[in-house]
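Visitor:
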Amino acid sequence: MAETKHHKAWWAPVAHFAAHTVVGTLIFLIIGSVAVGLSLLIRFLETVGIPTFTLQVISFLEHTITIVDAVLYLVYLGITGYRAVKEMLE
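Numbering follows the UniProt record's numbering, in which position 24 of the sequence shown is assigned residue number 24; successive positions increment by one, without gaps.
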């Protein structure tokens, strides 16, 4: 018996890429909203009179979350794009 290769629709890799991009973007936004929340917290804590060092630590965490989130999002998009191209060429 001869094996037959299953052919996917031409748009399947595009649909996979789009779905992964939407989900990845939602995760990026959820994590990014934590950084925005920290920024708002800093503004509030400044008015209350919290020490500068504490505000700097929270600000550092805000910036770290933002940078790591953005870098990982770009890596995720790159890997997803690579897999989509690889799937198109199969």
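Where is the CB? At the ideal position from N, CA and C, for every residue including glycine.
With a floor of 3 residues, list each beta strand (DSSP E) that falls wholly inside the segment 1-59, ordered by position along the chain.
Guide: none
Visitor: On the CB-based measure, 16 or more other CB atoms within 10 Å of its CB, does Glu62 come out buried or exposed?
Guide: Along the sequence shown, read from residue 1 onward, the residue named residue 62 stands at position 62. Its Cβ being crowded by 16 or more others within 10 Å, Glu62 is buried.
Visitor: Per DSSP, what kind of secondary structure is Leu89 in: helix, strand or coil?
Guide: Here residue 89 corresponds to residue number 89 of the sequence shown, with the count starting at 1. Reduced to three states, the DSSP call for Leu89 is coil.
Visitor: Do three or more CB pairs link the segment 11-21 to the segment 34-53 at distances below 8 Å?
Guide: Taking 8 Å as the limit for Cβ pairs, the verdict is that the segment 34-53 does not touch the segment 11-21.
Visitor: Quick one: using the 10 Å Cβ neighbour count with 16 as the cut-off for buried, is Leu38 buried or exposed?
Guide: Within the sequence shown, residue 38 is the residue found at index 38, counting from 1. The residue is buried, with at least 16 neighbouring Cβ atoms inside 10 Å.
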